[in-house]
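Engineer: In terms of this note's numbering, the sequence shown has 212 at position 211, counting the first letter as 1, and numbering is strictly consecutive.
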Amino acid sequence: MKDIHVKRVLSASNGSYYGEILTSLFEFMMLEGSSRSQIERVSKDALRSVSSGQAYRKQNGPVGIALAAQVLDGWHRNRRYLDRDANPRAIPLLGKAPSVEALIRSERRTAGAAEDAKKLVSLGLVIKSGKYYLPASRVASIRTLHPFVVSYVARLLQRALSTVQFNVTSRSTSRRWLEGFAEVPDLPSRDVAAFRSFSREQGWVFLATINEWLETRRRETKRTTRGSAVSAGVQLFAWSDKECRRSSRS
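1. Could you give the residue range of the alpha helix (DSSP H) that holds P73?
2. Given a threshold of 16 other Cβ atoms within 10 Å of its Cβ, counted over all protein chains shown, does G65 qualify as buried or as exposed?
3. For S52, report the span of its alpha helix (DSSP H) as first-last.
4. Can you tell which of Y134, G131 and L124 has the C-alpha that lies nearest to the C-alpha of L146?
5. Using the three-state DSSP reduction, which class does G181 fall into: helix, strand or coil?
6. I'd like the ranges of any alpha helix (DSSP H) spanning at least 4 consecutive residues and lying wholly in the segment 120-180.
7. With hydrogens ignored, establish whether the beta-carbon of I128 is closer than 7 Å to any heavy atom of the ligand MG.
8. Going by DSSP, what residue range makes up the alpha helix (DSSP H) through R90?
9. Look at the Cβ atom of L162, then the Cβ atom of Y134, and state whether they are nearer than 8 Å.
10. Select from Q159, S36, V206 and F238 the residue whose C-alpha is nearest the C-alpha of F182.
11. Run through the DSSP bridge pairs and tell me what L23 is partnered with.
12. Pick out whichever of S107, T174 and S171 has its Cα sitting closest to the Cα of G75.
13. Taking DSSP as the reference, what is the three-state secondary structure of L11?
14. In its own chain, which residues sit with a C-beta less than 7 Å from the C-beta of G131, not counting the 5 before and 5 after it?
15. For L95, which three-state DSSP category applies?
16. Where do the ends of the alpha helix (DSSP H) carrying L104 lie?
17. Could you tell me if V101 is buried or exposed, where buried requires 16 or more neighbouring beta carbons within 10 angstroms of its beta carbon?
18. On the CB-based measure, 16 or more other CB atoms within 10 Å of its CB, does D242 come out buried or exposed?
19. Anyone know if the C-beta pair for A118 and I128 falls short of 8 Å?
20. In this structure, how does DSSP classify L237 when only helix, strand and coil are distinguished?
21. According to DSSP, which residues form a beta bridge with L83?
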């Protein structure tokens, strides 16, 4: 395990690293379907916002995949949405609880819950079962570059950068957030598939444990107080440089 505690270093060589970050971001945007003019416009708007001290306004509450994941997880947790065997109940898509729309509203109390419910169906995350609907899985997995995926990538990058910035500037080591990596430069190609399976299995166990810890305290907070609350969590991914880089350029 390699802990990352990088000291601030300002040098001309940093420009090449920033170039790599932006190149990867622009490649992703083009793969998603953005044109060069759209990328230039977004880049100029973002730079203008930073220069003026007015960052892009972030949406409150979970959005995109995060929202879908919490809805699916809640469907598997909330007794109101479970049958006698503790399996998810088939429920209406829209309307008052119990419904998919109501589940979404319980996670994000803003307008658009009905529209988000329909998006979950179109993405195959919620499937028809007679007159009602069931979750396709407990995990939100999307196989296309839908706006939900774009919002996930945006938040992943924002949180990674803000976490690094906080850890680098924090004077107290006890306040630093988890930030690290495990990497080797010479894994034999024959072991890539095995590493993919191993990291997936171990990663799901880790995330399930973290999620249970967070959800337990979230329920306690809802029962005891209406005090302040923050968004908190862990994001995790594994990779193979050759395989992932090839797929991003194909």
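Note that beta-carbon positions come from the ideal geometry of N, C-alpha and C, so glycine has one too. This one's a predicted model, so the numbers in the text were calculated from it and none came from an experiment.
Structural biologist: Put simply:
1. The amino acid occupying residue 73 in the given sequence is Leu; Pro does not appear at that position. G65 to R78 is the extent of the alpha helix (DSSP H) around L73.
2. Using a 10 angstroms sphere on the CB of G65, the tally of other CB atoms reaches 16 or more, which defines it as buried.
3. Residues R37 to S52.
4. It is L124.
5. G181 falls in the strand class under three-state DSSP.
6. Listed in chain order, the complete alpha helix (DSSP H) runs (minimum 4 residues) inside the segment 120-180 are 148-170.
7. As for the ligand MG, it is missing from this structure, which has no ligand bound.
8. R90: not part of any alpha helix (DSSP H); DSSP gives it neither H nor E.
9. No, they are not a contact pair.
10. Taking only the C-alpha atoms, the option nearest F182 is F238.
11. Bridge partners of L23: none, in fact.
12. The shortest C-alpha to C-alpha distance from G75 to any of S107, T174 and S171 is the one to S107.
13. In this prediction, L11 has a pLDDT of 48, which is less than 50 and means its spatial position is unreliable; nothing more can be read from the coordinates.
14. Taken in chain order, the residues that qualify are A91.
15. The answer is coil: DSSP assigns L95 none of H, G, I, E or B.
16. Start and end: V101 to E108.
17. Buried, since its Cβ has 16 or more Cβ neighbours within 10 Å.
18. By the neighbour-count rule (16 or more Cβ atoms within 10 Å), D242 is not buried but exposed.
19. Going by C-beta atoms, A118 is not nearer than 8 Å to I128.
20. Secondary structure of L237 (DSSP, three-state): coil.
21. L83 pairs with P89.
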